[in-house]
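So in UniProt numbering, spot 24 of the sequence shown is number 24, and the numbers just go up one at a time.
Report on the following structure.
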Amino acid sequence: MIRELVKGKTAIFIDASNIYFSQKTLKWHIDFVRLLEYLKNETDFWKAFFYTAYDPNHKKQKEFLDFLEIVGYSVRTKFEALIKYLKRYGKRCIVFSVKGHVSLELVKQAKFIDLKKLAKYIKRK
Numbered sequence: 001m002i003r004e005l006v007k008g009k010t011a012i013f014i015d016a017s018n019i020y021f022s023q024k025t026l027k028w029h030i031d032f033v034r035l036l037e038y039l040k041n042e043t044d045f046w047k048a049f050f051y052t053a054y055d056p057n058h059k060k061q062k063e064f065l066d067f068l069e070i071v072g073y074s075v076r077t078k079f080e081a082l083i084k085y086l087k088r089y090g091k092r093c094i095v096f097s098v099k100g101h102v103s104l105e106l107v108k109q110a111k112f113i114d115l116k117k118l119a120k121y122i123k124r125k
């Protein structure tokens, strides 16, 4: 589905808070292994980054973030303003989310794809 939107090496940037609330809206959970496989199959994949706030005292969160790193994500705990930087270098930016969980500014600056359209590819079984 996204193959026709993405050309060249592709880096994926995931905002944890956005994904968390999108899953609540969708009433299903993303299988992050399947998501990574899907992105690798649909793009000239380079790397996937997972941005999140981090509480070192929260054991389950640490286990989840460790899992993401084991399966191939690069976990970052400080979200950087990437869209403008990437676009300045001619990179295409795509936002995957559910309407209502993404700022209007981000939707205006990037191509928006509703996660509902990817359910059959990335929904946890």
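Even glycine gets a Cβ: it sits at the ideal position worked out from N, Cα and C.
Could you tell me which residues DSSP puts in a beta bridge with residue i?
i	result
residue 34	Answer by DSSP bridge pairing: none, since residue 34 is not bridged.
residue 75	50
residue 9	44
residue 15	51
State the start and end residues of the unbroken alpha helix (DSSP H) segment that holds residue i.
i	result
residue 84	83 to 88
residue 120	119 to 122
Hey, quick one: how far does the beta strand (DSSP E) through residue i stretch, first residue to last?
i	result
residue 27	Premise fails: residue 27 is in no beta strand (DSSP E) and is neither H nor E.
residue 110	Where residue 110 is concerned, there is no enclosing beta strand (DSSP E), given that its DSSP letter is neither H nor E.
residue 95	94 to 97
Give the single residue among the options whose Cα lies nearest to the Cα of residue i.
i	options	result
residue 56	66, 50, 49	66
residue 101	114, 94, 89, 90	114
residue 21	97, 120, 117, 109	97
residue 88	71, 110, 6, 77	110
residue 14	90, 73, 121, 92	73
In chain order, what residues of the same chain lie with their CB nearer than 6 Å to the CB of residue i, ignoring the 5 residues before and after it?
i	result
residue 12	39, 48
residue 112	95
residue 59	none
residue 2	42
residue 69	75
Who are the near neighbours of residue i in its chain, counting only those whose CB is closer than 7 Å to its CB and skipping five residues on each side?
i	result
residue 16	50, 51, 52
residue 35	122
residue 45	10, 39
So residue i and residue j are supposed to be a Cβ contact under 8 Å. How far apart are they, rounded?
i	j	result
residue 125	residue 31	7 Å
Go through its chain and collect everything with a Cβ distance to residue i's Cβ below 8 Å, but skip five positions before and after it.
i	result
residue 28	119, 123, 124
residue 26	98, 115, 116, 119
Quick check on residue i - is its C-beta less than 7 Å from some C-beta in chain D?
i	result
residue 58	No chain D appears in this structure, which consists of one protein chain only.
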